[in-house]
Amino acid sequence: MSAQAMRAAAGASESNPPAAAETPSQNPQKNPEGKSMEIDLNLIPAKLDAVHVGLAAVVVALLLVQVILLSVAVIALLRRRPEPAAAAPAAVPVAEPAKLPEPVVKKETVVLKESTPDAALQLLALLQKEARFVDFVQENVAQYSDAEIGAAARVVHEGCRKVIGQVFELAPVRTETEGSRLTLPKGFDAASVRLAGNVVGEPPFTGTLVHRGWKVENIRLPKVAEGHDTRIIAPAEVEL
């Protein structure tokens with residue numbers, strides 16, 4: 001097409017503008033914001049096609065299925081009744097284990113011997129007679145010098161040694177030399193040997209002999225005349 005023909009066609013289109021599209025309503029509605037809202041009726045289909053009919057049928061079928069399911073659920077809840085609770089099985093009594101007899105502990109009877117004061121009074125009387133023992137003990141030695149006390153102690157010592165030798169026969173408990181090492185076996189006599197220091201564990205114990213101890217082998221107390229008052233350990237003296 002030549003340039004002149006194109007210009008002629010453009011001029012013809014400007015001189016004959018296209019007709020305005022018909023509007024469904026001359027008074028368009030306005031929305032709350034003040035803008036006009038136009039409804040195009042040409043968008044609504046004039047007749048239902050097969051797709052729309054199928055969709056409508058599916059929606060109706062789903063609604064029917066939901067109604068049926070709800071009805072079945074309600075009927076099932078109404079028919080369900082609470083079943084009675086099963087009775088708990090009776091408790092089977094458990095037999096208690098037989099109690100073993102408690103061991104009988106034999107209590108050792110300790111016989112306490114009554115000691116008569118006569119023997120002690122006799123010994124005290126002998127110590128007073130030979131060593132002036134009671135006079136020395138009862139005297140307040142604070143007023144005397146050490147030399148005076150030492151001289152008196154020598155007299156008391158000699159008298160006590162004499163009485164002990166006359167009345168008692170003494171012997172050492174242990175025959176080992178003091179300062180030597182010894183071992184005490186299991187079951188040793190705890191009355192004759194006293195443990196000192198760090199005592200831990202069970203025997204046998206090994207230690208150093210600090211003191212041999214003493215024991216009485218024999219007693220020779222003088223006989224008392226009938227009617228003699230043994231409570232008088234030293235009679236009073238009156239010089240005429």
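Residue numbers are given in the UniProt record's numbering: position 106 of the sequence shown equals residue 106, and the series is strictly consecutive. Just so you know, even glycine gets a beta-carbon here, dropped at the ideal spot from N, CA and C. Since the model is a prediction, treat every value here as computed from it, not as a measurement.
CB contact flag (residue i, residue j, <9 Å)
i: Leu124; j: Phe133; result: yes
i: Phe136; j: Ala147; result: no
i: Leu209; j: Gly179; result: yes
i: Val193; j: Gly213; result: yes
i: Glu217; j: Ala171; result: yes
i: Gln128; j: Ala234; result: yes
Cβ neighbour criterion (16 or more within 10 Å) applied to residue i
i: Val58; result: exposed
i: Ala131; result: buried
Option nearest residue i by Cα separation, candidates the options
i: Gly207; options: Thr183, Phe168, Ile233; result: Thr183
i: Gly159; options: Leu126, Arg181, Arg174; result: Leu126
i: Lys223; options: Pro185, Val167, Val53, Val193; result: Val167
i: Ile232; options: Asp118, Ala171, His211, Glu176; result: Asp118
i: Ala191; options: Lys215, Arg79, Val200; result: Lys215
Rounded C-alpha distance that separates residue i from residue j
i: Gln138; j: Pro204; result: 46 Å
i: Glu169; j: Lys162; result: 12 Å
i: Arg181; j: Arg174; result: 12 Å
i: Val141; j: Gly150; result: 11 Å
i: Thr116; j: Val156; result: 26 Å
i: Ala236; j: Ile219; result: 29 Å
i: Asp189; j: Glu176; result: 16 Å
i: Leu77; j: Ser71; result: 10 Å
i: Lys186; j: His211; result: 21 Å
i: Asp229; j: Leu195; result: 42 Å
i: Val67; j: Ile75; result: 12 Å
i: Ala50; j: Leu63; result: 20 Å
i: Leu69; j: Val60; result: 14 Å
i: Gly227; j: Leu240; result: 27 Å
i: Ala56; j: Ala73; result: 26 Å
i: Asn16; j: Val53; result: Residue confidence for Asn16 is low, a pLDDT of 48 falling below 50, so the modelled location carries little weight and cannot support an answer.
Check: residue i C-beta below 8 Å from any heavy atom of the ligand ATP
i: Glu158; result: Ligands are entirely absent from the displayed structure, and the ligand ATP is therefore not among its contents.
Quiz prompt | Within the UniProt domain "DUF2760" (117-239), ranges of the beta strand (DSSP E) (whole runs, at least 3 residues) | solution = 168-172, 181-184, 205-208, 214-219
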